[in-house]
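Engineer: Going line by line, the protein sequences match chains A, B and C. Residue 65 in the working numbering sits at position 65 of the first sequence, with consecutive numbering throughout. Here the working numbering runs 1000 ahead of the position in the second sequence, where the first position is 1. Here the working numbering runs 2000 ahead of the position in the third sequence, where the first position is 1. Positions of the beta carbon are idealized from the N, C-alpha and C atoms, including for glycine. Since we're looking at a predicted model, the values are computed, not measured.
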Amino acid sequence: MGRIVLVTGGARSGKSSHAEARVRAMPGAPVYIATSEPQDDEMRDRVARHRVARGPGWTLIEEPLDLVGALDRSDGAGPRLVDCLTLWLSNHMFAGRDWEPEAEALTAALLRQQAPVVLVSNEVGMGIVPENALARAFRDAQGWVNQRVAKVADEVEFVVSGLPLRVK
Amino acid sequence: MGRIVLVTGGARSGKSSHAEARVRAMPGAPVYIATSEPQDDEMRDRVARHRVARGPGWTLIEEPLDLVGALDRSDGAGPRLVDCLTLWLSNHMFAGRDWEPEAEALTAALLRQQAPVVLVSNEVGMGIVPENALARAFRDAQGWVNQRVAKVADEVEFVVSGLPLRVK
Amino acid sequence: MGRIVLVTGGARSGKSSHAEARVRAMPGAPVYIATSEPQDDEMRDRVARHRVARGPGWTLIEEPLDLVGALDRSDGAGPRLVDCLTLWLSNHMFAGRDWEPEAEALTAALLRQQAPVVLVSNEVGMGIVPENALARAFRDAQGWVNQRVAKVADEVEFVVSGLPLRVK
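#1: For HIS2075 (chain C), I'd like the list of residues in its chain whose CB is within less than 6 Å of its CB, leaving aside the five on either flank, ordered along the chain.
#2: Mapping DSSP to helix, strand and coil, what is GLU157 (chain A)?
#3: So if DSSP puts ALA2137 (chain C) in a beta bridge, which residue, or which two residues, is it bridged to?
#4: Can you round the beta-carbon distance between VAL124 (chain A) and ARG136 (chain A) to whole angstroms, since I take them to be within the 8 Å contact cut?
#5: Since VAL2160 (chain C) and THR1107 (chain B) should fall inside the 8 Å C-beta cutoff, what is the C-beta to C-beta distance between them, to a whole number of angstroms?
#6: Closer than 8 Å is the cut-off here; do at least three beta carbon pairs connect the segment 1143 to 1151 of chain B with the segment 138 to 152 of chain A?
#7: Please state whether DSSP places ARG1166 (chain B) in a helix, a strand or coil.
#8: With 7 Å as the limit, tell me which residues of the segment 113 to 129 of chain A have their beta carbon closer than that to any beta carbon of chain B; keep them in chain order.
#9: What did DSSP end up calling SER121 (chain A) once you bin it into helix, strand or coil?
#10: Closer than 8 Å, Cβ to Cβ, to anything on chain A: give me those residues from the segment 1133 to 1160 of chain B, in chain order.
#11: Compare the C-beta of LEU110 (chain A) against all C-beta atoms of chain B and say whether one is closer than 8 Å.
#12: So what does DSSP say about GLU63 (chain A), is it helix, strand or coil?
#13: Output the distance between the C-alpha atoms of ARG97 (chain A) and GLU20 (chain A), rounded to the nearest integer angstrom.
#14: Please list the terminal residues of the continuous beta strand (DSSP E) segment that includes ARG24 (chain A).
#15: Could you tell me which residues DSSP puts in a beta bridge with ILE4 (chain A)?
#16: Quick check: GLU102 (chain A) and HIS92 (chain A), are their CB atoms within less than 8 Å of each other?
#17: What does THR8 (chain A) touch in chain B if you count any residue whose Cβ is under 7 Å from its own?
#18: So that I know if they touch, is there some Cβ in chain C lying closer than 8 Å to that of LEU85 (chain A)?
#19: Quick check: what's the CA-CA separation for GLN1142 (chain B) versus LEU2065 (chain C)?
#20: Which of helix, strand or coil does DSSP assign to VAL2129 (chain C)?
#21: Do three or more CB pairs link the segment 1012 to 1032 of chain B to the segment 1081 to 1089 of chain B at distances below 8 Å?
#22: Could you tell me the boundaries of the beta strand (DSSP E) in which ARG80 (chain A) lies?
#23: Would you identify the three-state DSSP class for VAL34 (chain A), choosing helix, strand or coil?
#24: Should PHE2158 (chain C) go down as buried or exposed, given a rule of 16 or more other Cβ atoms within 10 Å for buried?
#25: Locate the alpha helix (DSSP H) running through PRO1101 (chain B), then write down its first and last residues.
#26: Check the Cβ of VAL68 (chain A) against every Cβ in chain B and list those closer than 9 Å, keeping chain order.
#27: Which residues, in chain order, does the segment 8 to 27 of chain A contribute to contact with chain C at a C-beta distance below 7 Å?
#28: From PRO164 (chain A) to VAL2005 (chain C), what does the alpha carbon distance come to, in whole angstroms?
#29: 8 Å is my cut-off, CB to CB: does VAL167 (chain A) come that close to chain B?
#30: Out of B:LEU1067, B:ARG1051, B:GLU1037, B:ARG1080, state which residue places its alpha-carbon closest to the alpha-carbon of MET1026 (chain B).
#31: Give the straight-line distance between the Cα atoms of LEU1134 (chain B) and ARG2012 (chain C), rounded to the nearest whole angstrom.
#32: Could you tell me which of B:VAL1023, B:VAL1068, B:PHE1094 sits nearest to GLU1037 (chain B), measuring between CA atoms?
#33: Straight-line CA distance for GLU63 (chain A) to MET1126 (chain B)?
#34: I need the DSSP call for GLY1143 (chain B), collapsed to helix, strand or coil.
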């Protein structure tokens, strides 16, 4: 069974770069599973900069919602980087879909993968309680998703200032 | 003297479940000291779900403000879980009470307990500075309370994605 | 070459007190480089309380923008405490200056210091995405600055509830 690694941290903590380095160090041709849907210029700029930073040699899969399908279809081909669970979750919530069965399906899919998967996620619950109910719901959902993925992961790293702290 | 454990972490980080497991592993009948005052349906739902998750065998004490009294009155009966310092602090601040003498009284009370106490608290200071002055005051107060309790604690754990990082 | 230490953490996490203790434990007369510009009573109170808490024996340099100059001019005189990178960065951003070359100049300056430097910074990216575009830009910039300084630092500590977790 493939190794499952969760890399979590705050915004601009260096978690994606660290996760990319983890995947690059694994044998096989790396696959980048992007969950973003670039909807504005800020996002498009960020996606373009990330692509340049990763360098050549990656296969790109863009999949905003069906992460389970993307994992199953890419299994066997090399290590996968999922960047990131936060956008995947927010895509489900903004589409009005029920995220809980999706999260259960994701953990089940992770457990059946043959090739390794490194997943990037965000810490979003260490600020003041948001006034907005949707933001509160999102922060709760993100916390649950991180806990569930951490439970099935072989390794969990919390990134601070670009440096990983091993938590599992 | 009883063991004092502080369990801190973000919203939905798994800190309450971890703290409950710590208390359950201690000898004696566990006591749950709830500081919440369920004021809306979202909160009532959460309280009910937590009660089911904890399972039977717990003595429940509901005490939104007088945590010192609740600790002193329950001492000797088994390990106590205080869930959580964040609601206790916000109850004091919203009631217009001065939280600093309360925090001093709490640390003094912790030091005189015979039975163990596991306290849950939140990290609320790792987001952008809130625009609202009350939110800024709350975030400062929470940070001070966490520091003071950590100083008298025998153990401090920081929970990320359901996993504890030992900090003391 | 002098030792470079980055101390990061949330608001009211005890990071400044911890950083001050680190500097006090180093040989030589300590220098406090304050990047704040006290603009309101809340800030002035905080600065005055910090000054009392530090005690006598510190040389104070107030420098909201030219941190590179302050470091170069104070080099050789004893260990320096920079408190903090967050205010320094926000001073640059609010003055409409380009923070990226400033951050590059800062890391270059750190590498040429002879006397030690302990820098305090904030974690601001672990809450919900701010609605305000300037707040988002600030949070991204702070994350990058922390990563760059961490890269040239000899030690990085993440402070939780007044307690340091060593990350480098």
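Structural biologist: On the basis of the supplied data:
#1: Taking the third sequence and counting its residues from 1, the one referred to as residue 2075 (chain C) is at position 75. Rather than His, the amino acid found at residue 2075 (chain C) in this sequence is Asp. Answer for ASP2075 (chain C): GLN2113, GLN2114, ALA2115, listed in chain order.
#2: For this step, residue 157 (chain A) is matched to residue 157 along the first sequence. Of the three classes helix, strand and coil, the one that applies to GLU157 (chain A) here is strand, per DSSP.
#3: To locate residue 2137 (chain C), count along the third sequence from 1; it is residue 137. DSSP, once it has assigned bridges, lists no residue as partnering ALA2137 (chain C).
#4: The sequence position of residue 124 (chain A) within the first sequence is 124, counting from 1. The sequence position of residue 136 (chain A) within the first sequence is 136, counting from 1. Actually they do not touch by this definition, with Cβ atoms about 11 Å apart.
#5: Position 160 of the third sequence, counting from 1, holds the residue named residue 2160 (chain C). Position 107 of the second sequence, counting from 1, holds the residue named residue 1107 (chain B). At roughly 18 Å, the Cβ-Cβ gap does not stay under 8 Å, so VAL2160 (chain C) and THR1107 (chain B) are not in contact.
#6: The segment 1143 to 1151 of chain B, when compared against the segment 138 to 152 of chain A, does not touch it at the 8 Å Cβ threshold.
#7: Residue 1166 (chain B) sits at position 166 when you count from the first residue of the second sequence. Of the three classes helix, strand and coil, the one that applies to ARG1166 (chain B) here is strand, per DSSP.
#8: For the segment 113 to 129 of chain A, which is checked against every Cβ of chain B, the residues closer than 7 Å are GLU123, GLY125, MET126, GLY127, ILE128.
#9: As a working mapping, residue 121 (chain A) is identified with position 121 in the first sequence. DSSP places SER121 (chain A) in strand when its eight states are reduced to three.
#10: Near chain A, meaning a CB-to-CB distance below 8 Å, the residues of the segment 1133 to 1160 of chain B are ALA1135, PHE1138, ARG1139, VAL1160.
#11: The count along the first sequence starts at 1 and reaches residue 110 (chain A) at position 110. It does not: the Cβ of LEU110 (chain A) has no partner Cβ on chain B nearer than 8 Å.
#12: What you label residue 63 (chain A) is simply residue 63 of the first sequence in a count that begins at 1. Here GLU63 (chain A) carries a coil assignment [DSSP, helix/strand/coil].
#13: For the purposes of this step, residue 97 (chain A) is taken as the residue at position 97 of the first sequence. For the purposes of this step, residue 20 (chain A) is taken as the residue at position 20 of the first sequence. Looking at the two C-alpha atoms, the distance is approximately 29 Å.
#14: Looking up residue 24 (chain A) in the first sequence gives position 24. Judged by DSSP secondary structure, ARG24 (chain A) falls outside any beta strand (DSSP E) and instead within the alpha helix (DSSP H) spanning 15 to 24.
#15: Here residue 4 (chain A) refers to the residue found at position 4 of the first sequence. Partner(s): A:VAL117.
#16: The sequence position of residue 102 (chain A) within the first sequence is 102, counting from 1. The sequence position of residue 92 (chain A) within the first sequence is 92, counting from 1. A Cβ-Cβ contact shorter than 8 Å links GLU102 (chain A) with HIS92 (chain A).
#17: Position 8 of the first sequence, counting from 1, holds the residue named residue 8 (chain A). Chain-ordered, the chain B residues with CB closer than 7 Å to the CB of THR8 (chain A) read VAL1160, SER1161.
#18: By 1-based counting over the first sequence, the position of residue 85 (chain A) is 85. With 8 Å as the cut-off, LEU85 (chain A) does not count as an interface residue toward chain C.
#19: Locating residue 1142 (chain B) in the second sequence gives position 142, counting from the first residue. Locating residue 2065 (chain C) in the third sequence gives position 65, counting from the first residue. So the two alpha carbons sit approximately 30 Å from each other.
#20: In the third sequence, counting from the first residue as 1, residue 2129 (chain C) sits at position 129. DSSP, read as helix, strand or coil, puts VAL2129 (chain C) in coil.
#21: Yes, the segment 1012 to 1032 of chain B touches the segment 1081 to 1089 of chain B.
#22: By 1-based counting over the first sequence, the position of residue 80 (chain A) is 80. DSSP places ARG80 (chain A) inside the beta strand (DSSP E), whose first and last residues are 80 to 83.
#23: Translated into the one-based positions of the first sequence, residue 34 (chain A) becomes position 34. Contrary to the premise, residue 34 (chain A) reads as Ala rather than Val in this sequence. In the structure shown, ALA34 (chain A) sits in a strand (DSSP, three-state: E or B).
#24: Position 158 of the third sequence, counted from the first residue, corresponds to residue 2158 (chain C). PHE2158 (chain C) should be labelled buried.
#25: To locate residue 1101 (chain B), count along the second sequence from 1; it is residue 101. Residues 1099 to 1112.
#26: Residue numbering aside, residue 68 (chain A) sits at position 68 when the first sequence is read from its first letter. The premise fails here: VAL68 (chain A) is roughly 20 Å from chain B at the closest Cβ pair, so nothing lies under 9 Å.
#27: Under the 7 Å Cβ criterion, the segment 8 to 27 of chain A contributes GLY10, ALA11, ARG12, SER13, GLY14.
#28: One-based indexing of the first sequence puts residue 164 (chain A) at position 164. One-based indexing of the third sequence puts residue 2005 (chain C) at position 5. Rounded to whole angstroms, the gap between the alpha carbons of PRO164 (chain A) and VAL2005 (chain C) is 17 Å.
#29: Indexing the first sequence from 1 puts residue 167 (chain A) at position 167. Answer yes: the Cβ-Cβ gap between VAL167 (chain A) and chain B drops below 8 Å somewhere.
#30: Counting from 1 along the second sequence, the entry for residue 1026 (chain B) is found at position 26. Nearest to MET1026 (chain B) by alpha-carbon distance, out of B:LEU1067, B:ARG1051, B:GLU1037, B:ARG1080, is B:ARG1080.
#31: The residue given as residue 1134 (chain B) occupies position 134 in the second sequence. The residue given as residue 2012 (chain C) occupies position 12 in the third sequence. The straight-line gap from Cα to Cα measures roughly 15 Å.
#32: Taking the second sequence and counting its residues from 1, one reaches residue 1037 (chain B) at position 37. Closest in C-alpha terms to GLU1037 (chain B), from the list B:VAL1023, B:VAL1068, B:PHE1094, comes B:PHE1094.
#33: Here residue 63 (chain A) is taken as the residue at index 63 of the first sequence, counted from 1. Here residue 1126 (chain B) is taken as the residue at index 126 of the second sequence, counted from 1. Going from the Cα of GLU63 (chain A) to the Cα of MET1126 (chain B) covers about 30 Å.
#34: The residue labelled residue 1143 (chain B) in the question sits at position 143 within the second sequence. Looking at GLY1143 (chain B) - three-state DSSP - the assignment turns out to be helix.
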